[in-house]
Amino acid sequence: MAMFAAVVLVGHAQSPGLTGRVVADSTGEPIANARVTLTTTAAVATLGAPVGLTDADGRFAIPGAADAQRVVASKSGYARSEPAATTGQPIEIRLRRGATISGRVVDRFGDPVAGARVAAQAPSRAQDNPASVAVAESDDRGEYRLAGLPAGHFVVVAMTMSMTTTPEIVGNRQVFISRPEVQRTYYPGATTPAEAQTFDLQFGDERPDIDFVVPTGHAIGNPFSVMRLTPSPLPQPANAAVRTTGIIRGRIVSADGRGLSHAQVRLMQTGFGVRSTTTADEDGSFEFTDLPPGKFGVIASKMGYSPIGSDDAPLGLLLNSGSTLDLAEGETHEKVDLRLQRWGTLEGRVFDELGDPIQGASVQLLHIRYESGRRRLVPAGGAAHATDDLGRYRIYALAPGRYVVSATVGDVADLPGYTRSYFPGTPNAGEAQFVSMGVSQDLTGIDFSLSRTRTARISGKMIDAAGQPTTGGTVQLLPSAQSTSVTSVPAGARILPDGQFEFANVPPGQYVIQVYRGRQNRWIEGEFVSIPVTVNGTDIKDLILQTSSGSSIKGRITFDTYNDSKTPARSAIELMPIPTDFDLSPRNNLAIAEIHDDWSFDMKGVNGPRRLQLTRVPRGWTLKQVLVHRLDATDRPLPFGRPDQSLTDVEVVLTDRMTELSGTIADDRATPTAGASLIVFPMNRDRWYPSSRFLGTTTAGADGAFTLSGLPMGAYYAVAVARLPTEGEDAWQDP
């Protein structure tokens, strides 16, 4: 549907490949940093389609395009142009300003809906094959913007994900059955494209105020979707003769005591789950009536709010409202008030080195965490947010803290030569400026430019353990644990059906490529491979990544009893193979041993050096020893990956004979310090590794007293601090 103009330029000497200029159709002025891509006969079956950027004069040159079939030229704010390729002669591609459609997505109360996907579609294809010309996502204000649209006829649709949850009785137990469904609302409020309004757009048109009211019901929003919970009335056991005369009333308020209108409130009953749902009125008040006797809890959610004291409940979903309410027959509980805190927001713009806005850049917040044995910048949770045609981005649902704002062109814009950059505008993470977010703070003006450097492509093919091409699983490019990079943000690959993969725009550095596939359950990790790569600006091609089915581990758990302790439940014990080299092992989705009734255990698909470790130990027990073929392997890295590295005679010994360290924490005036923390770590530096069982913490009670049990015997340092570090839950492990 895109319109274009292509003019053959005469008088230029022919050269291999494709050359030409990209100019603005209205003025003839050159367009710098326009993206030009070729689709060639070879590119249909392989990755690595040639891509180039125009220079300051709008000129481009893409070598090796003798069999090019189609040219695609694009630039933020312009409609895409797709002229036919004319190799051997320069061409001129004229871009026209794209049309825009913008507006808001709200619920029936007029409150904004975040995470709704809004798309412009061709009416002729919207019913059976709804190909979208442009897609955007609404933010926490409900705002969206579709840009770069060509001239033509379109319908606009807002899509939300509805999850209808129905309680049902299965046997003698109540279970909740959730059924997802995509809800489509066509402007101005139709349910089918045939009833939708058609927009006749010309190049450069702007259509604001195209607003939607979507049926979100009881909405719980997140950056990916809007969920609607619609529970049916709770079924009662047939023999239950219960008088439902109880009442629970309360109010949902903000931090300053202001009532939060239209907050969603759910009533939970112990042993039953969701009892009922309701919507708070304009004053934030709610009421549940006709309740039987029992124990109840109230959960509240409101778009843009979080419960006070929590920094990880997405978009204000209150997961634990406090103490349980005991409701007697006929009793009324008044003033069950819940207080929610508004999240913070951050917004800004992303530009190229010429000051032009970049559309489709992925903006992500990072924070410091202790990973793979060192402090690194890792994603702070939540999805990356894409910039619009004006380069604008907005990140919401932010807890107080210190963040680094980063941006990359990702797979959307795919501008060659641009690497991940950090606010205030540097490719060096060490020079990034932290942004401090206060409680309920709205930060604006976080603008910065992407940096250009010599980047490379990494491409190859994936095959499974049987030697067959595969597309299943996950392919990631990660900074090597040996790298000096302080940023650890995995990059995903493009994958074709024949197993070919490609990573684009990889800056210089040391990396590993890891493939995970075929995980069946929690005690089988599945197939895996990890290979190191060093990038220096030159493309790396024809890599073969063949996954391995890994090694298996079989053994038994035994107990040395000194205190006549009762044998614990199997569910109280968790045994895992913890990686000791993150370049050779998976960094997540690790196996958990399947423990059988006879205390035998097994796990499969284990790759890379591991340390067998108890990650959950029952109270009163601790690890005594790990034996492999009756030889001591406690705390030692063991090699895995090949079938001949499998182990069949492993004994994990638990003991109830435990060490105990106790004492008192006091300040410099010998006054006991309530709530202070104690960090205990070994004097032997060889035991300073991630997840070491030789590291421990505890918190002092009201009288300053502390007790720490279960550390292995040895010599330790002990450090008392007012509180544990806040730059990550595991930052205290940083030596």
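Sequential numbering from 350 applies to the sequence shown in our numbering.
Note that the Cβ used here is the ideal one computed from N, Cα and C, for glycine as well.
What you are looking at is a predicted structure, and each value in this text was computed from that prediction instead of being measured.
Helix, strand or coil: which one does DSSP assign to residue i?
{"i": "R600", "result": "strand"}
{"i": "R490", "result": "coil"}
{"i": "Q994", "result": "helix"}
{"i": "A543", "result": "helix"}
{"i": "A496", "result": "strand"}
{"i": "A921", "result": "helix"}
{"i": "D1035", "result": "helix"}
{"i": "A325", "result": "Residue numbering for the chain in the displayed model covers 350 to 1084; residue 325 lies beyond these limits and cannot be assessed."}
{"i": "P828", "result": "strand"}
{"i": "P881", "result": "strand"}
{"i": "P472", "result": "helix"}
{"i": "P586", "result": "Annotation note: pLDDT 43 at P586 (below 50); position unreliable, no value reported."}
{"i": "D984", "result": "coil"}
{"i": "L609", "result": "coil"}
{"i": "P580", "result": "Because the pLDDT at P580 is just 39, under 50, the model does not fix this residue reliably, and the value given afterwards should be weighed accordingly. Residue state, collapsed to three classes: coil."}
{"i": "N938", "result": "coil"}
{"i": "G369", "result": "strand"}
{"i": "I1014", "result": "coil"}
{"i": "T836", "result": "strand"}
{"i": "P706", "result": "strand"}
{"i": "S375", "result": "coil"}
{"i": "Y742", "result": "strand"}
{"i": "E874", "result": "coil"}
{"i": "G447", "result": "coil"}
{"i": "H945", "result": "coil"}
{"i": "I559", "result": "coil"}
{"i": "T793", "result": "coil"}
{"i": "S1041", "result": "coil"}
{"i": "Q869", "result": "coil"}
Is the Cβ-Cβ distance between residue i and residue j less than 7 Å?
{"i": "S755", "j": "R769", "result": "yes"}
{"i": "L933", "j": "S879", "result": "yes"}
{"i": "I596", "j": "L695", "result": "no"}
{"i": "A921", "j": "P967", "result": "yes"}
{"i": "F852", "j": "L826", "result": "yes"}
{"i": "R1034", "j": "F989", "result": "no"}
{"i": "S914", "j": "D993", "result": "no"}
{"i": "V855", "j": "A842", "result": "no"}
{"i": "R698", "j": "R741", "result": "yes"}
{"i": "V864", "j": "M811", "result": "yes"}
{"i": "A483", "j": "F552", "result": "no"}
{"i": "P818", "j": "S425", "result": "no"}
{"i": "R453", "j": "G491", "result": "yes"}
{"i": "G679", "j": "F635", "result": "no"}
Kindly examine the ligand COA and report whether one of its heavy atoms sits closer than 6 Å to the Cβ of residue i.
{"i": "L687", "result": "With respect to the ligand COA, the structure shown offers nothing to examine, as it has no ligands at all."}
Rounded to whole angstroms, what's the CA-CA distance from residue i to residue j? Just pull it up for me.
{"i": "G869", "j": "F561", "result": "Gly is not the amino acid found at residue 869; the sequence shown has Gln there. So the two alpha carbons sit approximately 42 Å from each other."}
{"i": "E486", "j": "S808", "result": "31 Å"}
{"i": "V1068", "j": "P1031", "result": "11 Å"}
{"i": "L715", "j": "G730", "result": "8 Å"}
{"i": "R806", "j": "T887", "result": "8 Å"}
{"i": "I844", "j": "T820", "result": "7 Å"}
{"i": "D909", "j": "T983", "result": "16 Å"}
{"i": "R445", "j": "L387", "result": "20 Å"}
{"i": "M617", "j": "R965", "result": "29 Å"}
{"i": "Y838", "j": "R936", "result": "For the sequence presented, residue 838 should be read as Val rather than Tyr. Cα to Cα, V838 sits roughly 12 Å from R936."}
{"i": "T1047", "j": "R985", "result": "26 Å"}
{"i": "L328", "j": "H682", "result": "The chain is shown from 350 up to 1084; residue 328 falls before or after that span and cannot be answered."}
{"i": "A662", "j": "K651", "result": "Note that A662 scores a pLDDT of 35, beneath 50, so its modelled location is shaky; the value from the coordinates is reported in the next line. When rounded, the distance between both Cα atoms is 11 Å."}
{"i": "V975", "j": "L961", "result": "8 Å"}
{"i": "E1000", "j": "S1040", "result": "21 Å"}
{"i": "G653", "j": "G459", "result": "15 Å"}
{"i": "T736", "j": "S430", "result": "21 Å"}
DSSP puts residue i in a beta bridge; with which residues?
{"i": "M952", "result": "I902"}
{"i": "F635", "result": "G599"}
{"i": "P928", "result": "R959"}
{"i": "P675", "result": "The displayed chain sequence assigns Asp, not Pro, to residue 675. In DSSP, D675 forms a bridge with K644."}
{"i": "R751", "result": "S785"}
{"i": "F700", "result": "P706, S798"}
{"i": "S770", "result": "A756"}
{"i": "Q859", "result": "T883"}
{"i": "V1001", "result": "I906, V975"}
{"i": "A1101", "result": "Shown here, the chain extends from 350 to 1084; a query on residue 1101 therefore has no answer."}
{"i": "I717", "result": "L726"}
Is there a Cβ of chain B sitting closer than 7 Å to that of residue i, yes or no?
{"i": "A814", "result": "In the structure shown, chain B cannot be found, because there is only a single protein chain."}
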